[in-house]
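Heads up, the sequence shown is in the numbering used here, so the first residue is 87 and it goes up one at a time.
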Amino acid sequence: MAKPVLAGKVAVVTGAGRGIGREEALLLAGAGARVVVNDLGGEWDGSGRDDRPAAAVVAEIHGAGGEAIPHFGDISEPEGADSLVALALDSWGRLDIALNNAGILRDRMVFNMSLEDWDLVIKVHLRGHFLVTRAACGHFRERARAGDAGGRVINTTSPSGLLGNAGQGNYGAAKAGIAAFTQIVALEMGRYGVTCNAISPGARTRLTEKTFGELRKDGADFDALDPANIAPLALFLASDLSAGITGQVFGLQGGVLELFEGWRPGERVEHQGRWSADELAAAMPQLFAGRSTAYEPDLSVFFEDVRK
Numbered sequence: 087m088a089k090p091v092l093a094g095k096v097a098v099v100t101g102a103g104r105g106i107g108r109e110e111a112l113l114l115a116g117a118g119a120r121v122v123v124n125d126l127g128g129e130w131d132g133s134g135r136d137d138r139p140a141a142a143v144v145a146e147i148h149g150a151g152g153e154a155i156p157h158f159g160d161i162s163e164p165e166g167a168d169s170l171v172a173l174a175l176d177s178w179g180r181l182d183i184a185l186n187n188a189g190i191l192r193d194r195m196v197f198n199m200s201l202e203d204w205d206l207v208i209k210v211h212l213r214g215h216f217l218v219t220r221a222a223c224g225h226f227r228e229r230a231r232a233g234d235a236g237g238r239v240i241n242t243t244s245p246s247g248l249l250g251n252a253g254q255g256n257y258g259a260a261k262a263g264i265a266a267f268t269q270i271v272a273l274e275m276g277r278y279g280v281t282c283n284a285i286s287p288g289a290r291t292r293l294t295e296k297t298f299g300e301l302r303k304d305g306a307d308f309d310a311l312d313p314a315n316i317a318p319l320a321l322f323l324a325s326d327l328s329a330g331i332t333g334q335v336f337g338l339q340g341g342v343l344e345l346f347e348g349w350r351p352g353e354r355v356e357h358q359g360r361w362s363a364d365e366l367a368a369a370m371p372q373l374f375a376g377r378s379t380a381y382e383p384d385l386s387v388f389f390e391d392v393r394k
């Protein structure tokens, strides 16, 4: 009988009480990993807390014969992130996989967004990713120096950050930051055998109900927006099957897998010496080469994918 792909591995999964994080935790545990299930249990806007979601996922893993323990801390605070990694180390002696998924929404147009709306979304998403990754990478580095190199960091970004979406300046900025952070961690941790990649998921969760609520296919054999569709990519990236893949951002919507290419130089116009404003204006038709001069996110392609 083949050994489970994550046998002997230990994972921490944030935001694992519901939605995509829950499905990822269940699949990793089913593949043999011992999982610390983190969830503060708050509402979609970051208010409140509840231990029951994380506890329920742990019970489900136990019921299926797996190993898991809950963590109810706030990973957007240093003590919460540090205690999450410490719990894995204290319980099982090691950590192999850090899967960052926790997040909230507070959508507002820029002229209506409060400082609290901005700060809290950035804090939970971007700072939360940083704090958990920092704690995990500290362990990975120590272990590599002791001769046991390796580790996986898996982050969660969004089309709202990679492509842009009106009304989500805070969320989009956080998710774009996570994509850049993913590349930088990959560069920094490669010497220790650690890979870092990100997933940009398209799935129906508490955070996307308003966006995807009308896109369900009644009676369809395959629900393209089931959050369970995202978990196999997390499993792949967490396993040795993904060896050598690092610093990448993958999009997954239903059965459509994409590789995001990020910010790269496009059309180019050269000029001898310093530009003047008039010369810059004259260069614009060549620079844009028939394309629109107003940014238009290609979210239509994304939504078309999930309607198929």
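Cβ coordinates follow ideal geometry from the N, Cα and C atoms, glycine included. Keep in mind that this is a model prediction, so the values were computed, not measured.
TODO: Verify whether the separation of the beta carbon atoms of Leu217 and Ala167 is less than 8 Å.
DONE: Contact flag set, yes.
Task: Delimiting residues of the alpha helix (DSSP H) encompassing Asn256 - done: 255-275
Open item on the list: Helix, strand or coil for Pro90? Go by DSSP, reduced to three states.
Closed with: The answer is coil: DSSP assigns Pro90 none of H, G, I, E or B.
Open item on the list: Using 8 Å for Cβ pairs, my map puts Val122 next to Leu114. What's the rounded Cβ distance?
Closed with: The Cβ separation is near 11 Å, so there is no contact.
Task: Coarse secondary structure for Asn283, derived from DSSP in three states - done: Correct three-state label for Asn283: strand.
Task: Through-space distance from Gly236 to Arg108, alpha-carbon basis - done: 25 Å
- [ ] Report yes if the CB atom of Thr268 is closer than 8 Å to the CB atom of Ser328, and no otherwise.
- [x] no
Open item on the list: Taking the straight line between their C-alpha atoms, what separation do you get for Arg277 and Ala266?
Closed with: 19 Å
Task: Gly337 (DSSP reduced to helix, strand or coil) - done: strand
TODO: Kindly indicate which three-state DSSP category Thr219 falls into: helix, strand or coil?
DONE: If DSSP states are grouped into helix, strand and coil, Thr219 belongs with the helices.
Open item on the list: Helix, strand or coil, according to DSSP, for Pro156 in the structure here?
Closed with: strand
- [ ] Tell me Gly288's beta-bridge partners as DSSP assigns them.
- [x] Gly288 is bridged to Gln339.
TODO: Drop a sphere of 10 angstroms on the beta-carbon of Thr332, count the other beta-carbons inside from all chains shown, and report buried for 16 or more, exposed for fewer.
DONE: buried
Open item on the list: Using only the alpha-carbon positions, how far apart do Gly224 and Ala188 sit?
Closed with: 20 Å
Task: Counterpart residues of Asn241 in DSSP-defined beta bridges - done: Ala284
Task: Whole-number beta carbon distance between Ala97 and Gly118, since they are thought to touch under 8 Å - done: Gly118 to Ala97, Cβ: 10 Å. No contact.
Task: Neighbourhood of Ala262 by C-beta distance below 6 Å, restricted to the same chain and skipping five residues each side - done: Sequence-distant partners of Ala262 (beyond 5 residues in either direction) whose C-beta falls short of 6 Å from its own C-beta, in its chain, are Gly247.
Open item on the list: Give the list of continuous alpha helix (DSSP H) stretches no shorter than 4 residues that lie fully inside the region 106-176.
Closed with: 138-149
TODO: Apply the 10 Å Cβ neighbour rule to Trp178 and answer buried if 16 or more other Cβ atoms are within range, or exposed otherwise.
DONE: Looking at its Cβ environment, which holds 16 or more other Cβ atoms inside 10 Å, Trp178 is buried.
- [ ] Could you tell me if Gly103 is buried or exposed, where buried requires 16 or more neighbouring beta carbons within 10 angstroms of its beta carbon?
- [x] Label assigned to Gly103: buried.
Open item on the list: If we require 4 or more residues per run, which alpha helix (DSSP H) segments fall completely within the region 177-221?
Closed with: If we require 4 residues or more, the alpha helix (DSSP H) runs fully inside the region 177-221 come out as 201-208.
TODO: May I ask which residues mark the beginning and end of the beta strand (DSSP E) holding Ala97?
DONE: 96-99
- [ ] Determine the extent of the alpha helix (DSSP H) in which Gln358 is found, giving its start and end residues.
- [x] Counting along the chain, Gln358 falls outside any alpha helix (DSSP H), and DSSP gives it neither H nor E.
Task: Cβ-based burial, Ile270 [other Cβ within 10 Å; buried from 16] - done: exposed
- [ ] Provide the residue(s) that pair with Leu60 in DSSP beta bridges, ordered along the chain.
- [x] Outside the displayed range of the chain (87 to 394) lies residue 60, so it cannot be described from this structure.
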